[in-house]
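Enquirer: Here it is: the structure, laid out below.
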DNA sequence: TTTTGTTATTGGAACGATCCAATAACCTGC
DNA sequence: GCAGGTTATTGGATCGTTCCAATAACAAAA
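Protein chains in written order, with this note's numbering: chain A, 1 to 337; chain B, 1 to 337.
Here it is in structure tokens:
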């Protein structure tokens with residue numbers, strides 16, 4: 001198997017110097033259009049492919065960005081990753097996507113590998129754990145790094161943070177439940193020591209406070225399996241409960257499955273609201289009311305901010321909060337079933 | 001911002017030549033262990049990071065593989081992508097993941113970009129469309145390429161293909177429905193002109209034939225939304241239907257949501273079986289019977305085969321079929337509800 | 001002492017692009 | 001026909017590694 005042709009080979013074939021070929025490659029207006037045509041023809045004939053590694057060595061950007069996600073199997077993050085990747089691809093960047101699987105040690109390895117590959121930037125939704133082992137190397141290497149959806153490193157001046165306005169969303173959802181007549185509203189799912197749980201509970205607590213109601217809490221992971229198992233916990237600990245605001249849609253969907261198994265009519269006997277508005281929420285039965293986060297839009301905005309940072313050097317603001325909005329469906333009794 | 005230290009800088013600091021540093025980098029037994037220690041200390045102190053681009057230029061592998069998926073938002077493919085990426089990461093490879101979004105033109109661009117980046121290999125679940133625009137460049141560049149889950153290019157000697165034994169799975173599922181008493185079994189979802197639909201229908205048709213039953217068909221896309229809408233089509237076209245075998249779990253879950261909305265008791269009034277056994281199948285209500293594909297295992301095997309190909313040069317067999325197995329749950333009436 | 005081996009270390013030429021400074025080619029106008 | 005200016009083209013150094021061939025250091029054998 002013979003080696004790939006280089007610009008020197010192309011140059012020989014086209015009867016010009018390699019410098020000219022290089023100029024053609026970057027679309028310089030300096031070369032005569034006729035010459036350029038000849039060169040391009042030679043490239044096509046020889047099946048020339050650009051060697052980015054060589055260019056990188058001379059200082060041009062690799063056109064590669066890293067994306068590290070704490071849990072890529074969660075559809076919320078999947079949607080973010082896919083939309084982000086596509087937005088970057090449209091701008092000519094390839095994306096190395098990695099699942100850190102909530103494992104700080106693995107995450108450290110993944111980021112180190114990305115730095116070796118010379119990625120132009122890193123976007124990370126970090127796993128829980130000591131942030132310095134992953135952020136310090138990025139800072140040393142001078143790689144623009146964005147924290148999204150979860151802030152682990154407090155140095156947001158250095159590593160700008162972007163997420164959704166969870167507190168506003170949970171307040172809106174809780175007010176909606178209260179307005180629909182619910183009085184004993186539980187917050188199900190999420191681990192209390194995590195900041196995202198605190199953010200999502202913040203608005204819930206504030207809205208209850210406003211209405212003079214007291215909170216009910218079932219703490220736990222954020223998975224569908226937990227949601228399903230939480231039904232029993234709810235019945236035991238808070239049998240009087242008439243509405244549930246879930247940490248996320250996965251918990252809500254699991255919970256609904258569990259309630260249905262027990263013959264409880266969701267939307268009538270008990271109202272349920274989720275968070276994230278994943279695609280499935282609108283398609284489940286009953287339709288799941290949920291706080292919608294426009295993840296695809298958020299991902300595009302993130303990609304846009306990152307490209308600005310790379311192209312013009314303008315670092316994004318230290319903190320950005322994307323708005324969210326409640327979508328009322330049958331599970332909260334919002335529609336006539 | 002000063003530039004990153006190179007092996008020459010490290011060499012100066014450690015008082016050796018850059019060649020020695022290079023040897024240390026690849027763990028050569030030629031360097032005295034004491035010297036190696038000094039060099040490693042210097043690296044640590046200076047925050048040296050390996051520059052893969054430079055090494056690549058000299059011919060070493062990039063340690064980067066490309067993964068192109070026709071529809072990355074589908075949880076089936078997501079699970080494959082995530083498991084594959086993690087298996088490759090464990091072997092020291094980074095993975096560029098791309099969603100072709102069933103767009104052949106986009107796919108062509110993505111693959112071209114991967115070739116430019118010099119990926120060591122490509123794993124692709126191709127979008128529908130002319131395969132040559134994406135496979136020919138890969139062949140020219142001599143990049144080991146694996147087709148998974150969908151065969152678009154017939155040259156499987158060149159681009160080995162791996163998937164699941166769909167025909168066996170659909171036969172098993174259909175026999176199970178017949179054994180449970182179903183007689184009017186519909187096959188819902190999937191577009192007839194696609195080979196994967198033909199494979200998944202093959203076993204269904206064979207099992208019906210065996211039992212002297214005739215097929216019922218509702219053709220369509222493979223999404224949750226279609227599944228939900230298919231309920232009406234089913235009622236109109238095949239009101240006598242007593243069981244449904246769905247193209248995949250998404251269709252099945254959508255269908256179940258639609259049936260529940262209409263007050264039909266799934267598992268009693270009508271039996272439903274899905275395909276893929278995505279995580280949600282076990283957690284939905286009622287639990288969804290499904291033909292289980294061990295995607296994570298399949299992804300690991302694929303990663304293993306690819307690493308063999310890269311490390312030892314042994315090309316995988318032209319076609320590999322991973323076994324599948326039916327998991328019986330409540331939706332097909334398999335459990336006492 | 002010289003020879004012969006080992007074992008460690010090193011200079012320097014690649015790899016394939018970029019880009020600066022230098023040169024060539026071609027217009028103008030006088 | 002030539003100065004001056006513009007437009008096109010080109011040699012060659014450079015980026016940070018790898019790896020070969022050459023050399024150095026030192027011990028054991030002759």
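C-beta atoms are modelled at their ideal positions from N, C-alpha and C, and glycine is treated no differently.
Looking at chain B, is there any beta carbon in it that lies within less than 9 Å of the beta carbon of residue 146 of chain A?
Expert: No - not a single Cβ of chain B is within 9 Å of the one on residue 146 of chain A.
Enquirer: Of the choices B:84, B:177, B:303, whose alpha-carbon is the least far from that of residue 211 of chain B?
Expert: The shortest Cα separation from residue 211 of chain B among B:84, B:177, B:303 belongs to B:177.
Enquirer: Which whole-angstrom value is the C-beta distance of residue 163 of chain A and residue 295 of chain A, which I expect to be below 8 Å?
Expert: About 11 Å; that fails the 8 Å criterion.
Enquirer: Tell me which residues of the stretch 136-166 of chain B have at least one Cβ-Cβ distance to chain A shorter than 7 Å, keeping chain order.
Expert: Cβ contacts with chain A: 140, 141, 142.
Enquirer: Do residue 65 of chain B and residue 120 of chain B have their C-beta atoms within less than 9 Å of each other?
Expert: Contact flag set, yes.
Enquirer: So residue 75 of chain A contacts chain B; which residues on that side make the cut at Cβ distance below 9 Å?
Expert: Ordered by position in chain B, the residues that pass the 9 Å Cβ test against residue 75 of chain A are 73, 75, 78.
Enquirer: Would you mind giving the Cβ-Cβ distance between residue 250 of chain A and residue 224 of chain A, rounded to the nearest angstrom? I have them listed as a contact below 8 Å.
Expert: Sure, about 5 Å apart at Cβ, within 8 Å.
Enquirer: Following the continuous alpha helix (DSSP H) through residue 24 of chain A, name the residue where it begins and the one where it ends.
Expert: Taken as a continuous stretch (DSSP letters only), the alpha helix (DSSP H) holding residue 24 of chain A covers 18-25.
Enquirer: Can you confirm whether residue 336 of chain A, when its beta carbon is compared against all beta carbons of chain B, has any partner nearer than 9 Å?
Expert: The pLDDT assigned to residue 336 of chain A is 40, lower than 50, so where the model puts this residue is not dependable; a value taken from the coordinates is nonetheless given after this. Chain B, which has no Cβ nearer than 9 Å to the Cβ of residue 336 of chain A, makes this no.
Enquirer: Measuring alpha carbon to alpha carbon, tell me which residue in B:235, B:199, B:244 is nearest residue 347 of chain B.
Expert: Nothing can be reported for residue 347 of chain B, as the shown portion of chain B is limited to 1 through 337.
Enquirer: For residue 299 of chain A, go through chain B and note every residue whose CB falls closer than 9 Å to its CB, in chain order.
Expert: Residues of chain B passing the Cβ test: none, with the nearest at roughly 12 Å.
Enquirer: What did DSSP end up calling residue 113 of chain B once you bin it into helix, strand or coil?
Expert: The answer is helix: DSSP assigns residue 113 of chain B an H, G or I state.
Enquirer: Kindly say whether residue 98 of chain A, judged by its beta-carbon, lies nearer than 9 Å to any beta-carbon of chain B.
Expert: Yes, residue 98 of chain A counts as interfacial toward chain B.
Enquirer: Compare the C-beta of residue 52 of chain A with all C-beta atoms of chain B and state if any pair is closer than 9 Å.
Expert: Residue 52 of chain A counts as touching chain B.
Enquirer: Thinking just about the alpha-carbon of each residue, which of B:242, B:281, B:60 is nearest to the one in residue 254 of chain A?
Expert: Residue 254 of chain A has its Cα closest to that of B:281, out of B:242, B:281, B:60.
Enquirer: Run through chain B and tell me which residues come within less than 9 Å of residue 110 of chain A, C-beta to C-beta.
Expert: Ordered by position in chain B, the residues that pass the 9 Å Cβ test against residue 110 of chain A are 89, 94.
Enquirer: Do you know how far the Cα of residue 137 of chain A is from the Cα of residue 115 of chain A?
Expert: Answer to the nearest angstrom: the Cα atoms are 8 Å apart.
Enquirer: With a threshold of 6 Å on Cβ separation, who are the neighbours of residue 172 of chain B within its own chain once the five nearest residues in sequence on each side are excluded?
Expert: Hits under 6 Å: 326.
Enquirer: Starting from the C-beta of residue 298 of chain A, find all residues in its chain whose C-beta is less than 6 Å away, skip the five residues before and the five after it, and write them out in chain order.
Expert: Taken in chain order, the residues that qualify are 322.
Enquirer: Entirely within the stretch 215-259 of chain B and at least 3 residues each: give me those beta strand (DSSP E) ranges in chain order.
Expert: You should have 216-218, 243-246.
Enquirer: DSSP beta-bridge partners for residue 271 of chain A?
Expert: Note: residue 271 of chain A sits in a beta bridge opposite A:243.
Enquirer: Look at the alpha carbon of residue 20 of chain B and the alpha carbon of residue 112 of chain A, and state the distance between them as a whole number of angstroms.
Expert: Roughly 23 Å separates the two Cα atoms.
Enquirer: In chain B, which residues lie with their C-beta within 9 Å of the C-beta of residue 292 of chain A?
Expert: Those do not exist, as residue 292 of chain A stays about 17 Å from chain B at its closest Cβ, beyond 9 Å.
Enquirer: If you draw a straight line from the C-alpha of residue 10 of chain A to the C-alpha of residue 36 of chain A, how long is it?
Expert: Cα to Cα, the separation comes out at about 12 Å.
Enquirer: Tell me, please, which residues DSSP counts as bridged to residue 94 of chain A.
Expert: Answer by DSSP bridge pairing, in chain order: A:64.
Enquirer: Cβ of residue 219 of chain B less than 9 Å from any chain A Cβ?
Expert: So no, residue 219 of chain B is outside the interface.
Enquirer: I'd like to know if residue 56 of chain A contacts chain B, where contact means its C-beta is closer than 9 Å to some C-beta of that chain.
Expert: It does: the Cβ of residue 56 of chain A has a partner Cβ on chain B nearer than 9 Å.
Enquirer: Which whole-angstrom value is the C-beta distance of residue 92 of chain B and residue 63 of chain B, which I expect to be below 8 Å?
Expert: Going by Cβ atoms, the distance from residue 92 of chain B to residue 63 of chain B rounds to 6 Å, so yes, they are a contact pair.
Enquirer: Out of curiosity, what's the CA-to-CA distance linking residue 293 of chain A and residue 149 of chain A?
Expert: Roughly 11 Å between the two C-alpha positions.
Enquirer: Straight-line CA distance for residue 328 of chain A to residue 273 of chain A?
Expert: When rounded, the distance between both Cα atoms is 8 Å.
Enquirer: How long is the line joining the alpha carbons of residue 338 of chain B and residue 220 of chain B, rounded to whole angstroms?
Expert: The structure shown does not extend to residue 338 of chain B, since chain B is modelled only from 1 to 337, so the question has no answer here.
Enquirer: So, does the CB of residue 63 of chain A fall closer than 9 Å to a CB anywhere in chain B?
Expert: It does; some Cβ of chain B falls within 9 Å.
Enquirer: Assign residue 336 of chain A to one of two classes, buried (16 or more other C-beta atoms within 10 Å of its C-beta) or exposed (fewer than that).
Expert: The predicted position of residue 336 of chain A is uncertain, since its pLDDT is 40 and thus under 50; no value can be drawn from it.
Enquirer: Take residue 209 of chain B as the anchor and find which of B:183, B:228, B:197, B:231 has the nearest alpha-carbon.
Expert: Of B:183, B:228, B:197, B:231, the residue nearest in Cα terms is B:183.
Enquirer: According to DSSP, is residue 326 of chain B part of a helix, a strand, or is it coil?
Expert: In the structure shown, residue 326 of chain B sits in a strand (DSSP, three-state: E or B).
Enquirer: For the alpha helix (DSSP H) containing residue 135 of chain A, name the first residue and the last one.
Expert: Per DSSP, residue 135 of chain A belongs to the alpha helix (DSSP H) from 132-141.
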